[in-house]
Amino acid sequence: METADYTVHVVDDEEPVRKSLAFMLTMNGFAVRMHDSATSFLQFAPSIRNGVLITDLRMPDMSGVELIRSLASLPVKVPAIVITGHGDVPMAVDAMKAGAVDFIEKPFEDVVLIEAIGRASALLTEASTDADLADVNACLKMLSDRERQVLSAVVGGLPNKVIAYELDISPRTVEVHRANVMSKMKAKSLPQLVRMAIAAGFGPK
Numbered sequence: 001m002e003t004a005d006y007t008v009h010v011v012d013d014e015e016p017v018r019k020s021l022a023f024m025l026t027m028n029g030f031a032v033r034m035h036d037s038a039t040s041f042l043q044f045a046p047s048i049r050n051g052v053l054i055t056d057l058r059m060p061d062m063s064g065v066e067l068i069r070s071l072a073s074l075p076v077k078v079p080a081i082v083i084t085g086h087g088d089v090p091m092a093v094d095a096m097k098a099g100a101v102d103f104i105e106k107p108f109e110d111v112v113l114i115e116a117i118g119r120a121s122a123l124l125t126e127a128s129t130d131a132d133l134a135d136v137n138a139c140l141k142m143l144s145d146r147e148r149q150v151l152s153a154v155v156g157g158l159p160n161k162v163i164a165y166e167l168d169i170s171p172r173t174v175e176v177h178r179a180n181v182m183s184k185m186k187a188k189s190l191p192q193l194v195r196m197a198i199a200a201g202f203g204p205k
């Protein structure tokens, strides 16, 4: 979908962050609307026709994950991207399971967010993601049994030391397997790896 056909809604309780994101996105050709809280966005959401949501994870009234869950109960389709300066794997898993299209850790390059918006906007036209999912499944088939075990544990939010203990291997070996998984899955970041695995229905439920 062309950028002129939808609006990017930025939800963040910090005004400087909202303005910075809005300026960057506007300069890149996006129509932008700012919201200072999750609550105010939810009140506005029913009137959205074509929109993509960018929400901070930590906000005083409700978290970005809670916002996405609340949005799911409304008769609107607004693909969501979560950004945070305090990211970790469990948070990424929660965000993806809640329905987030992407989970991005600060600081990030502008292009990372712009590409995420592109993926989110594709969902507005109900564009098929079968090809992408087929690629993910093909990559999953390349993993060894041990690598699949490590990936499952990573998606479950477990740190390397716990994974090592549960699989009875060394933390260093876990690091090697994780690096191999990232390479075979063609994932550029841990949040992206988690997003791919969850999209394919892989890992703990």
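For the sequence shown, the UniProt record's numbering gives the first residue as 1, with consecutive numbering after it.
For each residue, glycine too, the CB sits at the ideal point set by N, CA and C.
One question on the structure: do residue i and residue j come within less than 8 Å of each other, judged by their Cβ atoms?
i: Ala116; j: Val65; result: no
i: Leu21; j: Ile54; result: yes
i: Gly118; j: Val78; result: no
i: Thr84; j: Glu105; result: yes
i: Val8; j: Met96; result: no
i: Glu166; j: Ala179; result: no
i: Ala80; j: Leu133; result: no
i: Val155; j: Val93; result: yes
i: Leu151; j: Ala120; result: no
i: His35; j: Val17; result: no
Roughly how far, in whole angstroms, is the beta-carbon of residue i from the beta-carbon of residue j, given that I think they are within contact range, below 8 Å?
i: Asp56; j: Ser37; result: The pair is not a contact, with the Cβ atoms about 10 Å apart (cut-off 8 Å).
i: Val76; j: Phe103; result: In fact, because the Cβ distance is near 21 Å, the residues do not count as touching under 8 Å.
i: Leu74; j: Pro46; result: 6 Å
If you run the structure through DSSP and keep just helix, strand and coil, what is residue i?
i: Asp94; result: helix
i: Glu14; result: coil
i: Met142; result: coil
i: His177; result: helix
Go through its chain and collect everything with a Cβ distance to residue i's Cβ below 8 Å, but skip five positions before and after it.
i: Ala164; result: Ser170, Pro171, Thr173, Val174
i: Arg69; result: Ala98, Gly99
Can you give me the Cβ contacts of residue i inside the same chain, cut-off strictly under 7 Å, excluding the 5 residues immediately before and after it?
i: Leu25; result: Val8, Val32
Leaving aside the five residues before and after residue i along the sequence, list all residues of the same chain whose C-beta is less than 6 Å from its C-beta, in chain order.
i: Leu190; result: none
Three Cβ pairs or more, each shorter than 8 Å: is that satisfied between the stretch 101 to 114 and the stretch 161 to 175?
no
For the stretch 61 to 79 against the stretch 38 to 47, are there 3 or more C-beta pairs whose distance is under 8 Å? yes
Spell out a yes or no on whether the stretch 178 to 197 and the stretch 134 to 143 are touching, meaning 3 or more CB-CB pairs, one atom from each, closer than 8 Å.
As far as the Cβ criterion goes, the stretch 178 to 197 touches the stretch 134 to 143, which means the pair count is three or higher.
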